[in-house]
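Numbering of the sequence shown is given in UniProt numbering, commencing with residue 1 and proceeding in unit increments. Beta carbons are placed, not taken as given, at the ideal position from N, Cα and C, and that holds for glycine.
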Amino acid sequence: MGYRHQGYLRPGGALVMKVYDGSGTAEFMRDMQPYFSKVVRMRVDATRSMSREFYAVGLGRKKP
1 MGYRHQGYLR PGGALVMKVY DGSGTAEFMR DMQPYFSKVV RMRVDATRSM SREFYAVGLG
61 RKKP
């Protein structure tokens with residue numbers, strides 16, 4: 001996870017990514033945790049029930 005966002009997000013910043021649930025999803029969410037104060041998985045009400053999409057949200061970017 002730490003590859004590209006490090007140069008763009010300043011401390012305290014937030015990151016929102018559209019993700020499709022799959023075999024690496026849990027690992028991906030765990031990989032975000034060292035970089036943010038809070039990491040949540042959100043699904044918007046407009047998303048179809050059969051869809052595998054959700055949003056990975058990282059809040060409070062930690063200092064490198």
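Measuring straight from C-alpha to C-alpha, what distance separates valine 57 and tyrosine 20? 13 angstroms
Using 10 angstroms around the beta-carbon of arginine 30, count the other beta-carbons present and answer buried if the total reaches 16, otherwise exposed. exposed
Alanine 56 lies in the beta strand (DSSP E); which residues open and close that run? 53-61
Report the residue from Val44, Val39, Thr47 and Ser51 whose alpha carbon sits nearest the alpha carbon of glycine 12. Val39
Any idea which residues DSSP pairs phenylalanine 36 with across the strands? Arg61
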